[in-house]
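A short write-up of the structure that comes next.
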Amino acid sequence: MTTIRTPADEAEARAIQDELRERVVLDEAGPEAGTGLVTGVDVAYDDERDIVAAAAVVLDAATLAVVDEATAVGRVAFPYVPGLLAFREIPTVLAALDALTSDPGLIVCDGYGRAHPRRFGLASHLGVLTGLPVIGVAKNPFTFTYEQPGTRRGEFTPLLADDGEEVGRALRTQDGVKPVFVSVGHRTALDTACAHTLRLAPDFRVPETTRRADTLCRRALREAVEAAERAAGPEDTRGNRSGAER
DNA sequence: GCGACAG
DNA sequence: ATCTTGTCGC
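With the UniProt record's numbering, letter number 52 in the first sequence gets 52, and the count goes up by one each step, no holes.
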C-alpha cells in the first residue's frame, strides 16, 4: 500500500514538497475525457473527536454511472495549513483508494495541483504517490488572481503565475454560476483536465465525482462517529455532559 | 510586520 | 472543512 510521509512540522512539510515536485510528470496529455474510468476522492473531518473519513468513487467516464466505491477512516494526521493540505488529506485518501476493487483511472480531487505556491498541491502530491493521472478541481480561489470568465458554461480564464505561466484555469461549468478552479496534478494536460471537468459537470457546478465522493465520505464519517460514541460510552444518551466529564 | 489563504 | 432553519424553485 502506498503511503505518505507525515512531516513533524511545517518546515519539513515544505521540504518534502520541494523534493517530490521533481517527480511530477507534465508531458502527458492524459486519458481522453469521456473515456475509461474517473475517480472522485474527498475527505470529511471531526477534529473534535480526531476522526477523518475518506471516500473514493469510481465512475464510468462516458455515462457517469457508479462503478465502484470505497471508504476509509483514520485519525487526523496533520492540521489544516493553507499550502500543506495534502498532508492532512492524503493518508486516508490512499487507504480508500487501496480499498477499491476496480482501477481508478483518472483521479479528480478537491483542491489544486500546479496552482500552488510551490507548484505542488494536493493533486500533484497524490499523483506522484500513486503514479496515476490526477487533476485538481477547487471550489475556491487560492493564491492566484484571475479575470472573471465569460458567463456561459465552458468559458474560462487563465490562472497566471508571476512568470506568466498558466498554472490553472477559472472554468465556468454552468451558465451564470461561479466558476471552479482547475489545475493539473500529474500526467495530465490542462486542456484535458478542463475537458474532463466539463463532462463531469453536466448539471451542477461541481463535478459529479466530487459530489459523489463528498456524500459518501460524510456518511462514512457519521457512521464512524456513531460507532466511536457507542464504544466510548452509552451513558451520554440524554444530555451532553456525562458524570465523568464534570 | 500584517493580512490572506485549497479543505 | 464545519456550525445550521427555513426557504425558493424545479
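Glycine included, every Cβ here is placed at the ideal spot set by N, Cα and C.
Proximal residues to residue i (C-beta, below 6 Å), its chain only, five neighbours per side dropped
i: A138; result: G111, Y112, F181
i: H196; result: A33
i: L84; result: A13
i: A86; result: L122, H125
i: L200; result: P207, E208, T209
i: M1; result: D98
i: V58; result: L37, T39, V67, D68, S102
i: A213; result: G40, V41, D42, A55, V57
i: R172; result: P149, R153, E155, P179
i: A224; result: I51, A53, V73
i: R114; result: V167, S183, V184
i: A15; result: none
i: Q17; result: R118, F120
i: L106; result: P31, V38, P133
Identity of the residue in the options nearest residue i by Cα
i: K178; options: A195, S124, V206; result: V206
i: A193; options: S183, P202, A201; result: S183
i: D42; options: D27, E229, A70, V66; result: A70
i: residue 252; options: Q174, T151, G136, P149; result: One cannot answer for residue 252 here, as it falls past the ends of the chain, which runs 1 to 246.
i: C109; options: H186, E28, A220; result: H186
i: E226; options: L106, I51, P82; result: I51
i: E10; options: P79, A44, R114, L64; result: P79
i: A161; options: D175, R118, A15; result: R118
i: P82; options: F142, L64, L94; result: F142
i: P133; options: L26, D203, P202, Q17; result: L26
i: T188; options: L159, D163, P31; result: P31
i: A170; options: P158, A95, G176; result: P158
i: G176; options: G164, D203, D191, E165; result: D203
i: H116; options: T151, Q174, N140, L94; result: N140
i: L94; options: G131, D191, R211; result: G131
7 Å CB neighbourhood of residue i in its chain, flanking five on each side removed
i: D47; result: V76
i: A244; result: Low per-residue confidence applies at A244: pLDDT is 44, beneath 50, and the placement is therefore not dependable enough to give any value.
i: residue 278; result: There is no way to answer for residue 278, as the model of the chain reaches only from 1 to 246.
i: A220; result: A53, A55, T71, V73
i: residue 256; result: The displayed coordinates of the chain run from 1 to 246. Any statement about residue 256 would go beyond what the structure contains.
i: C217; result: D42, V43, A44, A53, A54, A55, T71
i: V96; result: The amino acid occupying residue 96 in the given sequence is Ala; Val does not appear at that position. Excluding residues within five positions, the ones whose Cβ falls inside 7 Å are V41, A54, A55, A56, A70, T71, A72.
Same chain, Cβ closer than 8 Å to residue i, five either side skipped, listed in chain order
i: T35; result: A61, A62
i: I90; result: I4, L122, H125, L126, L129
i: T6; result: A77, F78, F87, P91
i: E28; result: P133, R187, T188, A189
i: L198; result: A33, R153, G154, L171, T173
Continuous beta strand (DSSP E) stretch holding residue i: start and end
i: H186; result: 180 to 186
i: E147; result: E147 -> no beta strand (DSSP E), and no H or E assigned at all.
i: L190; result: Note, L190: premise wrong, no beta strand (DSSP E); alpha helix (DSSP H) at 190 to 200.
i: E165; result: First-last for E165: undefined, no H or E at that position.
i: V134; result: 134 to 138
i: V108; result: 106 to 109
Where the alpha helix (DSSP H) through residue i begins and ends
i: L160; result: Careful: L160 lies outside any alpha helix (DSSP H), inside the beta strand (DSSP E) at 156 to 160.
i: S124; result: 122 to 130
i: V225; result: 208 to 232
Query raised in the report: Going along the chain, which unbroken runs of the beta strand (DSSP E) with 3 or more residues stay wholly within the segment 13 to 99?
Result: Taking 3 residues as the shortest admissible run, the segment 13 to 99 contains the following complete beta strand (DSSP E) segments, listed from N- to C-terminal end: 37 to 46, 51 to 60, 66 to 74.
Query raised in the report: Would you call the segment 18 to 26 and the segment 146 to 160 in contact, with 3 or more CB pairs under 8 Å?
Result: Segments in contact, no.
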